[in-house]
Amino acid sequence: MHPVRKKRLITISAILVIIGAAVGLMLYALQQNINLFYSPSQIAEGEAPDNVMLRVGGMVVENSVKRDSQTLAVQFEVTDFAHKVTIQYKGILPDLFREGQGIVAQGKLNQDNVLIAQEVLAKHDEKYMPPEIAEALDKAKQKTESN
Amino acid sequence: MLPEIGHFSLILSLFFAAALSIVPILGYVKKHKVLMAYSVPLTHVTSILVLLSFIVLAYSFVTDDFSILYVSQHSNSLLPTPFKFSAVWGGHEGSLLLWVLILCGWASSVAYKGKTLPQDIRALVLATLGLVTTGFLSFLLFTSSPFIRLLPDTPVEGADLNPLLQDIGLIIHPPMLYMGYVGFSVAFAFAIAALISGNLNSSWARWARPWTSVSWAFLTLGIGLGSWWAYYELGWGGWWFWDPVENASFMPWLAGTALIHSLAVTEKRGVFKSWTVLLAIFTFSLSLLGTFLVRSGVLTSVHAFAADPTRGVFILALLFLFVGGSLILYAMRAADVKSEVSFGVTGREAGLLLNNIVLVTLALTVLIGTLSPLIYKALDIATISVGAPYFNFVFSLIGLPLMIIMAVGPLLRWNRTKLDTLIKQLLLPLVLAAVLTGITLIWQKFEWITLVSLFVAYWVLLLTLIDWMAKLGSSSSEWWAKARKLPRNYYGMLIAHLGMAVSLVGILFVSVQSQEEMVRMSQNDSVTLSGYEFVFKGVSKVQGPNYVSDMATISIFEEGRQIATLYPEKRIYKARTQMMTEASIDAGLFRDLYISLGEQLEGDTWGLRVHVKPFVRWIWLGGILMTFGGLLSALDKRYRKVAGARI
Chain A
1 MHPVRKKRLI TISAILVIIG AAVGLMLYAL QQNINLFYSP SQIAEGEAPD
51 NVMLRVGGMV VENSVKRDSQ TLAVQFEVTD FAHKVTIQYK GILPDLFREG
101 QGIVAQGKLN QDNVLIAQEV LAKHDEKYMP PEIAEALDKA KQKTESN
Chain B
148 MLPEIGHFSL ILSLFFAAAL SIVPILGYVK KHKVLMAYSV PLTHVTSILV
198 LLSFIVLAYS FVTDDFSILY VSQHSNSLLP TPFKFSAVWG GHEGSLLLWV
248 LILCGWASSV AYKGKTLPQD IRALVLATLG LVTTGFLSFL LFTSSPFIRL
298 LPDTPVEGAD LNPLLQDIGL IIHPPMLYMG YVGFSVAFAF AIAALISGNL
348 NSSWARWARP WTSVSWAFLT LGIGLGSWWA YYELGWGGWW FWDPVENASF
398 MPWLAGTALI HSLAVTEKRG VFKSWTVLLA IFTFSLSLLG TFLVRSGVLT
448 SVHAFAADPT RGVFILALLF LFVGGSLILY AMRAADVKSE VSFGVTGREA
498 GLLLNNIVLV TLALTVLIGT LSPLIYKALD IATISVGAPY FNFVFSLIGL
548 PLMIIMAVGP LLRWNRTKLD TLIKQLLLPL VLAAVLTGIT LIWQKFEWIT
598 LVSLFVAYWV LLLTLIDWMA KLGSSSSEWW AKARKLPRNY YGMLIAHLGM
648 AVSLVGILFV SVQSQEEMVR MSQNDSVTLS GYEFVFKGVS KVQGPNYVSD
698 MATISIFEEG RQIATLYPEK RIYKARTQMM TEASIDAGLF RDLYISLGEQ
748 LEGDTWGLRV HVKPFVRWIW LGGILMTFGG LLSALDKRYR KVAGARI
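Chain order of the listed sequences is A and B. Be aware that the first sequence starts at 1, since it is given in the numbering used here, and climbs by one per residue. Be aware that the second sequence starts at 148, since it is given in the numbering used here, and climbs by one per residue.
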């Protein structure tokens with residue numbers, strides 16, 4: 001083989017190997033770190049797996065927020081107006097967390113279908129409804145209407 | 148009356164921008180010198196008109212003209228004046244106007260500075276910029292005009308600026324970020340001009356280089372400011388969240404970093420020509436994609452302010468038009484380009500090629516992570532989010548080789564490097580870095596990956612310094628003269644690389660050594676973190692100009708001695724009745740003490756978030772160094788001389 005061509009071949013195969021490895025790594029990492037979103041209805045119907053990192057979103061149910069008197073532990077319910085999910089969290093809730101507001105919580109479900117949250121997210125803008133929640137509410141509404 | 152003038156001026160500017168994108172091209176096709184020369188005045192007139200309408204909008208904000216819908220939505224008479232001004236870009240319409248204004252600013256600078264360019268190239272560059280301006284001006288006018296009036300029912304009071312945006316960081320962050328984002332349009336325009344004219348020799352790389360470096364410097368500064376703002380304003384103590392909006396600015400940064408390096412090779416060695424053109428297109432496309440992601444509201448983000456999805460369609464169409472058009476042009480022309488020079492695997496070219504591969508891979512990583520929720524959604528598979536662990540994992544694995552390339556690369560010679568000399572050069576810093584890592588290890592415990600990264604960071608620091616000292620030679624009498632003789636380009640690179648290493652050190656310490664605790668505290672309760680004792684002294688009410696606040700007082704002791712008092716706040720902004728956490732920080736070069744106030748739990752008991760963040764300032768310090776390096780290398784005398792010689 002011509003030396004220039006040989007060099008070119010080596011360069012190109014090296015590049016391909018690097019890119020292949022990088023893409024493989026990327027896809028592996030992506031696979032491990034995708035958090036699926038579930039609505040309270042999906043959780044009530046048992047669609048969500050236990051002990052896997054996932055996200056739940058909905059409106060915080062009025063008068064459902066209970067705080068521990070000694071620690072920062074807090075428990076509340078979110079709803080898509082068809083079903084409710086109980087969420088437990090230990091820490092400081094975001095500024096826009098309020099009863100009746102839409103929130104998203106990330107964590108793992110335990111055997112009793114209670115979400116042990118590691119993170120509770122509320123949005124910057126109170127006019128704004130996270131699209132997942134808007135959609136979940138929409139689906140739940142359609143379901144109750146068709147029933 | 149005034150807002151109508153602003154609006155009219157904007158409409159007029161659209162016509163001039165449209166003329167700018169047509170007339171010089173006509174001139175180019177017909178080889179008509181006068182038509183091509185029109186590109187300069189057309190650029191300036193467009194810019195002046197856009198500037199006029201921007202001034203009108205800013206004036207309307209400062210004078211509380213709530214008859215304008217946009218003003219009434221984003222301002223309030225109680226808002227302090229500097230914030231009234233920055234509220235101009237506090238919402239979608241205004242920030243888009245700022246986008247276009249900055250684009251015009253870049254175009255006018257090219258028109259002004261480009262006197263030494265060949266006339267046809269200048270005409271093509273300005274026409275391309277004119278086309279981009281036309282696209283964005285029509286987007287602005289047809290979907291999101293900031294001058295829509297509320298007449299005759301003028302509200303007496305405005306809805307106020309989102310409290311998160313009422314901050315000095317947010318006055319300067321968007322303009323800096325846009326300067327960078329939009330600045331890549333210049334490199335893009337040069338690439339397009341090179342493709343159209345078929346004049347793909349290395350001169351286009353020389354013309355595009357300083358512009359790209361300056362844009363990159365601004366983008367670096369903008370991202371740094373954004374990160375700093377998020378750190379102190381969001382109250383979470385984090386400095387980067389892998390949020391889609393952050394990623395939107397980070398992708399062009401990664402691609403732009405690759406572009407700077409590949410432009411250097413193309414200019415100096417005449418290789419990678421077609422790749423560099425493609426990268427210029429790619430970088431600007433990522434800027435456009437970023438604009439689309441931020442402005443369309445398709446992604447869930449902590450930054451997601453209420454957005455209108457119909458706008459997304461328009462900007463998506465623009466995106467396809469520019470990216471598709473330039474890629475077709477590229478496909479038609481790039482085949483003609485051949486690099487005449489070959490290079491060896493041990494040469495600097497190969498090092499820079501690796502740099503490009505890694506940086507583009509990183510940009511791709513961010514792209515996939517950011518877009519996969521959209522793709523899953525579009526294919527109706529599921530609603531997902533991609534967590535920070537994905538990005539952290541890939542970056543810690545791929546970022547490390549990049550740092551090694553960065554350390555070794557500058558020592559390589561063009562075409563071929565003698566390996567034994569290279570190894571000699573690498574060895575001493577390697578040993579010193581190992582010693583430094585050992586010293587750090589005595590002081591603190593680390594995971595192995597952090598340890599390796601820290602070692603590499605030290606190595607980069609030492610290599611860069613030693614390379615510089617070697618260039619100065621051993622005799623101390625000529626030291627100063629030699630130091631001054633080295634080109635600014637070289638110093639720019641040196642400083643930017645040092646900045647990268649400094650940022651890396653900061654990132655590593657913060658991610659590994661940070662201490663955080665969320666605590667429940669009543670008056671005189673205390674908590675100890677990393678040897679600092681935080682004593683909660685209670686909360687009092689404070690009245691601000693447009694908010695009321697609960698302000699906590701926390702005294703901090705180190706070894707029994709009081710070193711600081713912090714006042715974190717919980718503010719309620721009246722106009723929106725929106726609650727806001729205002730963190731309080733005792734900043735230092737080696738550590739920040741950071742406290743934010745949570746909710747009032749009962750009586751005088753509050754939730755508090757207390758952080759000790761070692762070396763966090765280094766992250767932004769490195770960013771400042773990189774910015775400075777980018778600007779310095781753009782000021783290299785070579786660009787002026789060579790450009791001048793071409794007349």
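Where is the CB? At the ideal position from N, CA and C, for every residue including glycine.
| Check | Outcome |
| --- | --- |
| Cβ-based burial, B/Pro171 [other Cβ within 10 Å; buried from 16] | buried |
| Three-state secondary structure assigned by DSSP to B/Thr301 | coil |
| CB contact flag (B/Val361, B/Gly403, <8 Å) | no |
| Contacting residues, own chain, Cβ-Cβ under 6 Å from B/Thr712 (five flanking each side not counted) | Ser702 |
| Three-state class that DSSP yields for A/Arg98 in the structure shown | coil |
| Beta-carbon contacts of B/Val789 that lie in its chain and below 8 Å, excluding the five residues immediately before and after | Note that B/Val789 scores 46 on pLDDT, short of 50, meaning its location in the model is unreliable; the coordinates nonetheless yield the value given after this. Within the same chain, B/Val789 has close Cβ partners Arg353. |
| Any chain A beta carbon closer than 8 Å to B/Ser658 | no |
| Close-in-space but distant-in-sequence residues of the same chain around A/Lys6 (CB under 6 Å, 5 per side omitted) | none |
| Euclidean distance between Cα positions of A/Leu30 and B/Ala581 | 34 Å |
| Residues of its chain near B/Glu320, where Cβ-Cβ distance is below 8 Å and the 5 sequence neighbours each way are ignored | The residue asked about is misnamed: residue 320 of chain B is His in this sequence, not Glu. Gly369, Leu372, Gly373 and Trp376, listed in sequence order. |
| Touch test, the segment 88-95 of chain A against the segment 110-123 of chain A, Cβ-Cβ under 8 Å, three pairs minimum | yes |
| Contact check, B/Val599 vs B/Leu655, beta carbons under 8 Å | no |
| Under 8 Å between C-beta atoms of B/Leu149 and B/Ile339 | no |
| Nearest-angstrom beta carbon gap, B/Val607 and B/Met550 [assumed within contact, 8 Å] | 6 Å |
| Contacting residues, own chain, Cβ-Cβ under 7 Å from B/Ser285 (five flanking each side not counted) | Leu161 |
| Residues within the segment 32-51 of chain A neighbouring chain B, beta-carbon criterion of under 8 Å | Gln32, Asn33, Ile34, Asn35, Leu36 and Phe37 |
| Whole-angstrom distance between B/Ala166 and B/Gly174, CA atom to CA atom | 12 Å |
| In chain order, each alpha helix (DSSP H) run of at least 4 residues that lies wholly inside the segment 669-693 of chain B | none |
| Under the three-state DSSP convention, the category B/Ile504 falls into | helix |
| Cβ-Cβ separation, B/Phe289 to B/Ala215 (assumed contact under 8 Å), whole Å | The amino acid at residue 215 of chain B is misidentified as Ala; the sequence shows Ile. Going by Cβ atoms, the distance from B/Ile215 to B/Phe289 rounds to 18 Å, so no, they are not a contact pair. |
| Residues that B/Ala529 contacts on chain A, provided the C-beta gap is smaller than 8 Å | Leu36 and Phe37 |
| Residue-chain proximity (B/Ser532, chain A), Cβ-Cβ < 8 Å | yes |
| Simplified DSSP state of A/Phe76, which is helix, strand or coil | strand |
| Environment of B/Leu588 [buried if 16+ CB atoms lie within 10 Å] | exposed |
| Near-chain A residues of the segment 537-558 of chain B (beta-carbon distance less than 8 Å), N- to C-terminal order | Tyr537, Phe540, Val541, Leu544 and Ile545 |
| Neighbour flag for B/Met727 against chain A, beta carbons, 8 Å | yes |
| Contact with chain B by A/Leu25, beta-carbon distance below 8 Å | yes |
| Interface partners of B/Ser687 on chain A, CB under 7 Å | Under the 7 Å cutoff, chain A gives no residues; its nearest Cβ is about 20 Å from B/Ser687. |
| Counterpart residues of B/Ser696 in DSSP-defined beta bridges | B/Val689 and B/Arg718 |
| Test item: CB-CB of B/Ser669 and B/Val682 under 8 Å | no |
| Residues near A/Thr79 in its chain [Cβ-Cβ closer than 7 Å; skip 5 each side] | Pro40, Gly58, Met59 and Val61 |
| Given B/Gln572 as reference, the closest of B/Ala529, B/Ala617, B/Val541 and B/Val603 once Cα atoms are compared | B/Ala617 |
| Min CB distance A/Lys143 to chain B below 8 Å | no |
| Min CB distance B/Arg416 to chain A below 8 Å | no |
| Neighbouring residues, chain B, relative to A/Ala29 (Cβ below 7 Å) | Tyr537, Phe540 and Val541 |
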